[in-house]
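S.K.: This is the structure I have questions about; it appears just below.
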Amino acid sequence: MPKQQIIGATNKTVNDFIKDQNVDELARSQEEFLVKSYNKTKAKTFFHKLGNSLGLVVVTLPLAGLLAAIGGVVLTYAGNEGVATLGLVLKGMGQTVLSNMGLLFMLAIIIGFTGNKGMAVYAGLLAYIAFVAFSIPFIRWNGGDINGTKFSIWFWHDLEKSTQLTSVLGLGTGAVSELGGKEYLVHNSWQGLESLNTGVLGGICLGFIYVWTYNRFKDLKLPTAFAFFEGEKFVALLNIVLAPIVASTFIIVWPAVNYGLGYIGIGLSYLPFGLDSLLYGFVTRLLLPFEAHPAFYGPLWWTSAGGQLGANEYKIVGAAVARIYGGLAPGVGQELNFYAHDVTNYLNGIKLSDGTTLYDFIKNTIGVNGTGSNGFEAIRQQLYDGIIQAFRDSNKTITDAQNAQLNDLFTQAYSSINWTIVGDQFMTMELVNNNPYFDLRDAWAVNLKVTRFISGGYANDLLIIPTVGMAMWSTLDKEARKKKFGYYMGAVVTCVGLGITEPIEFLFAFSAPLIFFGFYAPFFGLFFGAANLFQVRLGSTFSQGLLDFVVNGIIPTATRKHEAVAQTNIYIPFILGLIGAAVAFPLFRWIFIKFEFAAPGSKAAEQGIGVSTSKYQRIKEDYDGLVLYFGGLENISDVEPKDKGQVIVTVKSPELVVNNAFTQDKLNQTLQKDHKYTIDVVSNQGIEYLEMIEGIVKMRNDDLERQVYLKNLKKSFKELIKTTRDKKDQAAAQTLRTKINENIKVFKAKLVHAEKINKINAHWEFKEDQLLNTSEIDKLKYKHTVKMWALSHQQERQIAKADYQMALKLASDKDEKATLKSDYQKQLDGLKPQKELMKKEKAAFKTKLKALQKEKKTEYKKQRALAKQEAAKTKKIKTSKTKKK
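Per numbering that gives the first Met the number 0, residue 0 is the first one in the sequence shown, and the count goes up by one each step.
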């Protein structure tokens with residue numbers, strides 16, 4: 000292709016794509032804002048897939064945790080070898096799942112993002128094995144001591160075993176149970192392979208890497224001689240070949256990631272008075288409607304961002320000594336400085352005969368980074384004897400009962416704990432569920448508040464959220480309350496019994512976002528923080544419903560060896576829940592009425608009045624129903640509207656098409672032939688929804704077309720450069736390369752600019768559509784808000800910024816850039832908010848609003864008086880008829 004043709008094609012394609020990306024060109028109705036938010040749709044789809052993928056693993060945690068917990072209990076009370084073996088088997092079955100979470104999350108990501116393709120999972124598993132096998136030989140133990148606490152790998156030196164290594168493809172711990180003087184050991188092969196600690200987050204990253212390789216190369220065609228290895232088979236081979244590269248990248252990056260997550264965990268631990276838990280509860284509720292909350296709570300539950308045992312091991316032992324012999328335990332809100340002040344001062348007051356303080360003895364014996372997965376047993380006796388000797392050398396009175404309690408703690412708890420565990424949920428399972436001899440107060444005494452991101456859910460799930468649901472139900476009229484009681488009660492029972500809150504929360508999360516995000520989410524977070532403040536220490540493997548409360552609350556409390564209730568504070572969630580419920584019912588009932596929320600089942604909802612049935616919400620619900628009917632946007636390949644209310648929709652997989660409520664209301668007869676569905680649309684509104692999907696499919700195809708175009712364009716450029724080089728005209732080749740790169744730069748800059756402008760316009764139109772409603776007050780608010788936007792010039796300023804950024808990218812020298820910056824600043828000066836006019840508009844709006852509210856209140860009183868008169872009249876007629884009879 001000649002050079003001029005290339006340049007012309009580039010410019011032509013830029014204009015074509017800009018036109019195609021213009022959302023106004025795609026809009027076929029006033030409600031087309033859903034098409035305009037295409038990028039938001041893609042993001043939501045991603046988080047939806049991510050949430051579903053993580054859910055595959057989360058759903059297995061209850062059974063794994065239950066098996067590990069039951070196995071721990073059986074081991075504790077085993078009376079013979081057979082019972083002990085049963086306990087080890089049960090504990091091993093559960094612990095094996097929990098110790099390989101990184102692998103499980105990787106496979107879950109692959110399943111979720113490749114459409115459950117078996118070959119993708121197989122290729123990912125092969126790659127994981129190769130990944131582990133590559134990294135292990137590079138581990139070098141400091142001093143050649145394989146049982147040491149520090150190691151090196153490549154340029155990383157003196158890394159801590161407790162935080163940077165973990166056991167994979169095995170149980171990951173050396174569980175030991177003493178019975179009648181005998182030890183029943185889990186076979187060594189259960190301990191797995193000691194490899195780089197990538198954890199859950201690393202497993203998710205690996206999953207996305209292997210998803211990319213599968214989607215990129217699954218349809219690859221090879222020459223006939225190698226046809227056997229093409230397609231999905233090639234992906235499996237490629238993943239093995241890429242494993243050294245991926246593993247090398249992780250060796251370079253991941254130690255730093257582990258350090259970063261650890262610092263996040265340490266930073267969160269310094270937030271006082273349960274503020275960390277409050278923020279956790281608040282943010283998870285904010286993300287729940289978008290199904291993005293697993294991405295937030297995952298690092299806190301399963302990585303060192305949620306805390307780490309190893310770095311706190313010597314502190315926990317010191318806190319236990321101070322509690323057993325000195326009676327020291329933190330009160331409400333005292334955890335932050337309790338160890339640094341109370342525990343440290345107490346331990347420094349006890350010394351060995353050589354002058355070494357008990358604090359230094361414990362710290363030096365264990366080490367600042369802990370003993371690793373099963374290293375405590377090697378120092379147990381030395382540590383125990385030294386502690387007892389220190390009290391004797393300091394002439395402190397100690398009792399046999401105290402010594403026995405410390406000995407039980409060392410032999411039954413600390414020796415079997417995997418001190419490399421990180422993450423709030425994993426630490427909870429290890430300490431709360433699996434170790435009845437461990438005293439939970441010792442972890443909190445060192446400000447490692449295990450369960451802080453879990454316990455707060457019990458008060459909310461068992462009492463507060465069900466109360467919010469019943470407050471919503473109470474706003475219905477008398478007839479609707481009777482009719483919908485079973486519907487609401489079913490959601491309440493699900494919430495209380497299983498801790499599944501979505502049936503209640505989704506009743507108003509989308510239909511009344513102001514109530515959900517502005518009132519409900521902060522209220523939820525407040526009681527999450529309160530559980531932390533009042534030291535509730537209960538675990539969870541799935542949710543915080545009644546079932547989890549029994550398995551992770553009642554059973555661990557009942558099996559604890561010392562002051563069980565004081566350790567878990569199992570009764571406090573009910574106190575907090577009752578207080579929260581007492582406040583929530585009147586508060587949320589008032590909020591629902593104040594904001595005219597039309598609860599599902601009310602006459603207002605059925606008539607299309609109120610927040611829950613706004614124009615925006617009705618469109619969104621119908622649009623979602625239509626998308627679901629066709630098996631999701633990704634399943635729709637083409638939409639072709641025909642005359643006389645007919646539309647032909649082509650899908651990729653007909654088996655994904657499902658019937659739902661939308662098809663009953665909006666679509667009539669549907670005829671299927673192969674992958675094509677010919678649909679008779681009942682209403683014009685139905686046609687608009689199908690046109691919305693046509694617009695989104697077109698935009699998606701444009702994205703793919705643009706990628707293919709760029710790929711082919713670069714290929715043509717390379718061919719031209721090669722041809723020029725073959726003619727031995729290096730100067731011409733370099734000139735052509737420069738011109739080509741400039742054309743690509745212009746192309747990309749203009750394309751990015753077009754997309755930015757369309758996003759800005761779509762954003763403001765989207766916001767405007769959300770304001771639309773039916774009442775006079777809503778219309779007034781709508782007009783006022785739109786006018787305030789215009790006076791603030793926010794949209795114009797955003798467009799000016801996009802123009803400036805594109806021009807800046809295309810500028811050739813500093814002087815031109817300086818001129819652009821000066822012009823841009825002048826433009827911004829001319830678009831400053833018109834504050835005086837905004838102030839007048841706001842005052843006028845308040846006056847009009849008060850008048851409308853007063854008029855509405857008067858009308859309400861009038862209607863209520865008429866209703867009372869009508870009721871009295873009806874009652875009088877009934878009384879008269881009764882007397883006549």
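Using N, Cα and C, we set each Cβ at its ideal position, and we do this for glycine too.
Given a cut-off of 7 Å on the beta-carbon distance, is the pair Ile590 and Ile678 in contact?
M.R.: Not a contact, by the Cβ cut-off of 7 Å.
S.K.: For the alpha helix (DSSP H) holding Phe281, just list the boundary residues, first then last.
M.R.: Counting along the chain, the alpha helix (DSSP H) containing Phe281 begins and ends at Leu274 to Leu286.
S.K.: Taking only three categories from DSSP, how would you classify Leu164?
M.R.: Note: Leu164 maps to strand in three-state DSSP.
S.K.: Under the assumption that Gly202 contacts Met105 (Cβ atoms under 8 Å), give the Cβ distance between them as a whole number of angstroms.
M.R.: So it is a contact: roughly 4 Å between Cβ atoms.
S.K.: Can you tell me whether DSSP reads Arg536 as helix, strand or coil?
M.R.: Note: Arg536 maps to coil in three-state DSSP.
S.K.: Please work out which residues of its chain come closer than 6 Å, Cβ to Cβ, to Asn311, disregarding the five sequence neighbours upstream and downstream, and give them in chain order.
M.R.: Excluding positions up to five away in sequence, the list reads Val445 and Leu447.
S.K.: DSSP three-state label for Ser652, please.
M.R.: If DSSP states are grouped into helix, strand and coil, Ser652 belongs with coil.
S.K.: Using a Cβ-Cβ cutoff of less than 6 Å, which residues in the same chain neighbour Lys808 once the five nearest sequence positions on both sides are dropped?
M.R.: Contacts found: Ala748.
S.K.: Any idea which residues DSSP pairs Arg139 with across the strands?
M.R.: The partner list for Arg139 (beta bridge, DSSP) reads Ser151.
S.K.: Taking all protein chains shown into account, decide if Val650 is buried (16 or more other Cβ within 10 angstroms of its Cβ) or exposed.
M.R.: Result: buried.
S.K.: Using only CA atoms, which one of Ile251, Asp828 and Trp443 lies nearest to Pro271?
M.R.: Checked all of Ile251, Asp828 and Trp443; the closest Cα to Pro271 is Trp443.
S.K.: How about Leu830 and Glu795: do their beta carbons lie closer than 7 Å?
M.R.: Taking 7 Å as the Cβ cut-off, Leu830 and Glu795 qualify as a contacting pair.
S.K.: Between Phe337 and the rest of its own chain, which residues show a CB-CB distance below 6 Å, the 5 nearest in sequence each way excluded?
M.R.: Correct list, in chain order: Pro329 and Ala444.
S.K.: Skipping 5 residues on each side, what residues in its chain have a beta carbon closer than 8 Å to that of Gly180?
M.R.: Because the pLDDT at Gly180 is just 39, under 50, the model does not fix this residue reliably, and the point stays unresolved.
S.K.: Exposed or buried, which one is Gln20 when buried takes at least 16 other CB atoms within 10 Å?
M.R.: Note on Gln20: pLDDT 36, under 50, position unreliable in the model; no value is reported.
S.K.: Who does Pro640 pair with in a DSSP beta bridge?
M.R.: DSSP output for Pro640 lists Val646 as bridge partner(s).
S.K.: Using the C-alpha atoms, what's the distance from Ile397 back to Gly909?
M.R.: Here the chain has residues from 0 to 884 only, and residue 909 is not among them.
S.K.: Quick check on the burial criterion: 16 or more other C-beta atoms within 10 angstroms. Buried or exposed for Ile756?
M.R.: Counting Cβ neighbours within 10 Å, Ile756 comes out buried, since at least 16 surround it.
S.K.: Could you tell me whether the Cβ atoms of Ile244 and Ile152 are closer together than 7 Å?
M.R.: Cβ distance not < 7 Å, so Ile244 and Ile152 don't count as in contact.
S.K.: Check for me: the alpha helix (DSSP H) holding Ser194 runs from which residue to which?
M.R.: From DSSP, Ser194 is part of no alpha helix (DSSP H) but of the beta strand (DSSP E) over Leu192 to Leu195.
S.K.: Is it buried or exposed for Arg863, if we count other Cβ within 10 angstroms and need 16 for buried?
M.R.: Arg863 is exposed by the Cβ-count criterion.
S.K.: Cα separation between Glu31 and Pro640?
M.R.: Any reading at Glu31 must be qualified, since the residue scores a pLDDT of 37, below 50, and its modelled position is unreliable; no value is offered.
S.K.: Closest to Ile386 by C-alpha separation, out of Ala400, Gly317, Phe375 and Leu430, would be which residue?
M.R.: Selected option, being the one with the closest Cα: Gly317.
S.K.: Three or more C-beta pairs under 8 Å: does that hold for the stretch 451-461 against the stretch 530-544?
M.R.: The answer is yes - the stretch 530-544 touches the stretch 451-461, with three or more Cβ pairs under 8 Å.
S.K.: Based on Cα-Cα distance, which residue from Tyr676, Val626 and Phe587 lies nearest to Ile647?
M.R.: Looking at the Cα atoms, Tyr676 is the closest of the given residues.
S.K.: Per DSSP, Gln307 forms a beta bridge with which residues?
M.R.: Bridge partners of Gln307: Val421.
S.K.: Just how far apart, CA to CA, sit Ile110 and Ser52?
M.R.: Their backbone Cα atoms lie some 7 Å apart in a straight line.
S.K.: Between the Cα of Ala377 and the Cα atoms of Gln388, Asn368, Thr364 and Asp407, which residue gives the shortest distance?
M.R.: Residue Thr364 is the option with its Cα nearest to Ala377.
S.K.: Shortest alpha-carbon distance to Lys697 belongs to which of Ser636, Asn459 and Thr722?
M.R.: Among Ser636, Asn459 and Thr722, the Cα nearest to that of Lys697 is on Ser636.
S.K.: Please list the terminal residues of the continuous alpha helix (DSSP H) segment that includes Thr364.
M.R.: Residues Leu357 to Ile365.
S.K.: Please classify Ala598 as buried or exposed, where buried requires at least 16 neighbouring CB atoms within 10 angstroms.
M.R.: Burial call: buried.
S.K.: For Gly489, count neighbouring Cβ atoms within 10 angstroms of its own Cβ and tell me buried if that reaches 16, exposed if not.
M.R.: That one is exposed.
S.K.: Whose CA, out of Glu429, Phe295 and Ser166, lies closest to the CA of Pro555?
M.R.: For Pro555, the nearest C-alpha among the options comes from Glu429.
S.K.: Count Cβ pairs between the stretch 403-412 and the stretch 295-315 that sit closer than 8 Å; are there 3 or more?
M.R.: Too few Cβ pairs lie closer than 8 Å, so no.
S.K.: Name the two residues that bound the continuous alpha helix (DSSP H) containing Gly552.
M.R.: From DSSP, Gly552 is part of no alpha helix (DSSP H); its letter is neither H nor E.
S.K.: By how many angstroms is the C-alpha of Ser414 removed from the C-alpha of Tyr358?
M.R.: Between Tyr358 and Ser414, the C-alpha separation is close to 20 Å.
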